[in-house]
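K.L.:
Note that numbering that gives the first Met the number 0 gives residue 21 to position 22 of the sequence shown, counting from 1, and the numbers run on in steps of one.
Don't be surprised by glycine CBs; every beta carbon is placed ideally from N, CA and C.
Supplied in structure tokens, the structure appears directly below.
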Amino acid sequence: MRSALGAWVIAFSSLLPGGEAWAQSSGKQQSYETVFYPSGKLKIEAYLFKPDGPGPFPVVVYNHGSRAGHEREERPFAYVGEILVRSGYVVVVPERRGYGKSDGPTFGQTVGKDRGPRFVACVQEETDDVLAAVEFIKTLPNADMKRLGVMGWSFGGIVSVFAASRSSAFRAVVDQAGAALTWDHSPAMQEALKKAARKIQIPLLGMVAENDRTTESVKAVVREAEASGAATKLIVYPAFTPQDAAGVAPGHMIFGRDGWRFWEADVKEFLAKYLNDR
């Protein structure tokens, strides 16, 4: 299985122009490699960041949020990858189904304006792609599967909580404003996230800014996980003002490129505590 999957990944990596390791862009060396891996019958694109050296290194799977109207743009979230690589982590950033060059219809095509059961089902299907990334990570010779974390922003926070509730592969989970933009008008997601949080048995860090659309989505996940015995930490940051709020609550953008300096140390401290010991 390991060698077969490795061959599958290599085969599809070669199909993407500029997908070779450390590809050049505008004369500047990129800090990541573009790869593809299977999730069921789908081909999923991902960005792979690797520290120098043989390892084995702890690993973080980072999950992006939604980007309505821009789903097919490739967004490696290099600022996150580079932050974590500097601290000695391998980082995998999947473009879940419907994003980037991954297979599958976009979120809007699948769900439309639904925020009920179909919404939840779609995000669970995207979670399948995150869990499939775990199988891909097993093929990486410098990855330590015993030190694997999962982290995400907005929709990616939801996916990270779902993934941590569905797999025993992870040792820590970071929820950055998961469901903050949809919580108030999706009782179905409220129920699903609380149910997932109750299944989490690993340390969980919840992070949100006080001027996000709501702080309750993250607080609820932390409460439910803690009540079920997980070690938890909640950080509510002061109001944040980004250069561009992108049409959403300003505080939501603290986890974008403008705000990483506010939370970098907190994420690194949490991950170091739970992923850096052998």
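1. In angstroms, rounded to a whole number, what distance separates the CA positions of F261 and P249?
2. Please list the terminal residues of the continuous beta strand (DSSP E) segment that includes A142.
3. How about V110 and L47: do their beta carbons lie closer than 9 angstroms?
4. Taking the alpha carbon of P50 as the point to measure from, which residue in V119, S38, L139 and F106 has its own alpha carbon closest?
5. Here's the rule I'm using: 16 or more other beta-carbon atoms within 10 Å means buried, otherwise exposed. How should T33 be labelled?
6. Return the chain-ordered list of same chain residues with a C-beta closer than 6 angstroms to the C-beta of P104, the five sequence neighbours on each side being excluded.
7. How far does the alpha helix (DSSP H) with K218 in it reach, from first residue to last?
8. So the candidates are P53, S101, P57 and G54; which of them puts its Cα closest to the Cα of F35?
9. Ignore the nearest five residues each way along the sequence and tell me which others in T240's own chain have a CB closer than 8 angstroms to its CB.
10. Where are the alpha helix (DSSP H) runs, 4 residues long or more, that stay fully inside the region 33 to 95, in chain order?
11. Write down the C-beta distance between D174 and G156 rounded to the nearest angstrom, noting that I regard them as a contact closer than 8 angstroms.
12. May I ask which residues mark the beginning and end of the alpha helix (DSSP H) holding A208?
13. Apply the 10 Å Cβ neighbour rule to H184 and answer buried if 16 or more other Cβ atoms are within range, or exposed otherwise.
14. Comparing C-alpha positions only, which one of F169, S30, T214 and G255 sits nearest to R85?
15. Just checking my contact of I82 with E263 at CB under 8 angstroms: how many whole Å lie between their CB atoms?
16. For T181, which three-state DSSP category applies?
17. With respect to the alpha helix (DSSP H) encompassing V129, which residues constitute its N-terminal and C-terminal limits?
P.N.:
With the given structure in hand:
1. In a straight line, the C-alpha of F261 is about 14 angstroms away from that of P249.
2. Counting along the chain, the beta strand (DSSP E) containing A142 begins and ends at A142 to W152.
3. Taking C-beta atoms as the reference points, V110 and L47 fail to come closer than 9 angstroms.
4. Closest by alpha carbon: L139.
5. Around the beta-carbon of T33, 16 or more other beta-carbon atoms lie within 10 Å, marking it buried.
6. The answer, listed in chain order, is G97.
7. Boundaries of the alpha helix (DSSP H) harbouring K218: E215 to A226, taken from the DSSP string.
8. Nearest C-alpha to F35: S101.
9. Counting only Cβ-Cβ distances below 8 angstroms, and skipping sequence neighbours, we find P249.
10. Within the region 33 to 95, the runs of alpha helix (DSSP H) at least 4 residues long that lie entirely inside it are, in chain order, 77 to 84.
11. Their Cβ separation, rounded to whole angstroms, is 4 angstroms, which keeps D174 and G156 in contact under 8 angstroms.
12. Unbroken run through A208 is the beta strand (DSSP E), L203 to A208; no alpha helix (DSSP H).
13. Residue environment analysis places H184 among the exposed positions, since fewer than 16 neighbouring C-beta atoms fall within 10 angstroms of its C-beta.
14. Each of F169, S30, T214 and G255 was checked against the Cα of R85, and the nearest Cα belongs to S30.
15. Under the criterion of beta carbons closer than 8 angstroms, I82 and E263 qualify as touching, at roughly 6 angstroms.
16. In the three-state reduction of the DSSP assignment, T181 falls in the coil class.
17. Per DSSP, the unbroken alpha helix (DSSP H) holding V129 starts and ends at P116 to I136.
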